[in-house]
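Colleague: Quick one: structure below, then a few questions.
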Amino acid sequence: MAKKTKKPVRREWTKEDIKELKAHSKARTPVMKLAKMTKRTEGALRQKALTLGIGLGHQR
Numbered sequence: 001m002a003k004k005t006k007k008p009v010r011r012e013w014t015k016e017d018i019k020e021l022k023a024h025s026k027a028r029t030p031v032m033k034l035a036k037m038t039k040r041t042e043g044a045l046r047q048k049a050l051t052l053g054i055g056l057g058h059q060r
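Position 58 of the sequence shown, counting from 1, maps to 58 under the UniProt record's numbering, and the rest follow consecutively.
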């Protein structure tokens, strides 16, 4: 019998989530650390930051 995989659950971005994302953007928190803290994927965080027009993580 095949092992069932977990289906990802989509969570809406609350105003509090966006405020937190902006604060971490300013503090230059690494995306990997931020992903674990918020329980969201790095891709989701980067995509939201892009739509908000803010930088995320360190600059190369």
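Ideal placement from N, C-alpha and C gives every residue a C-beta, glycine not left out.
1. Can you tell me whether DSSP reads residue 2 as helix, strand or coil?
2. For the candidate residues 24, 10, 20, 37, whose alpha-carbon lies nearest to that of residue 56?
3. What's the gap between the Cα of residue 27 and the Cα of residue 42?
4. Looking at the secondary structure, which residues open and close the alpha helix (DSSP H) in which residue 31 lies?
5. Can you tell me whether residue 18 is helix, strand or coil according to DSSP?
6. Classify residue 50 as buried or exposed, calling it buried when 16 or more other Cβ atoms lie within 10 Å of its own Cβ.
Modeller: Reading from the atomic positions:
1. Working through the sequence shown from its first residue, we reach residue 2 at position 2. Looking at residue 2 - three-state DSSP - the assignment turns out to be coil, as it is neither helix nor strand.
2. In the sequence shown, residue 56 corresponds to position 56, counting from 1. Closest option to residue 56, Cα to Cα, is 24.
3. Against the sequence shown, residue 27 aligns to sequence position 27. Against the sequence shown, residue 42 aligns to sequence position 42. Residue 27 and residue 42: Cα-Cα distance of roughly 17 Å.
4. Locating residue 31 in the sequence shown gives position 31, where the first residue counts as 1. Element bounds for residue 31: 31-38.
5. Numbered from 1 along the sequence shown, position 18 holds the residue referred to as residue 18. Helix.
6. The residue given as residue 50 occupies position 50 in the sequence shown. It counts as exposed.
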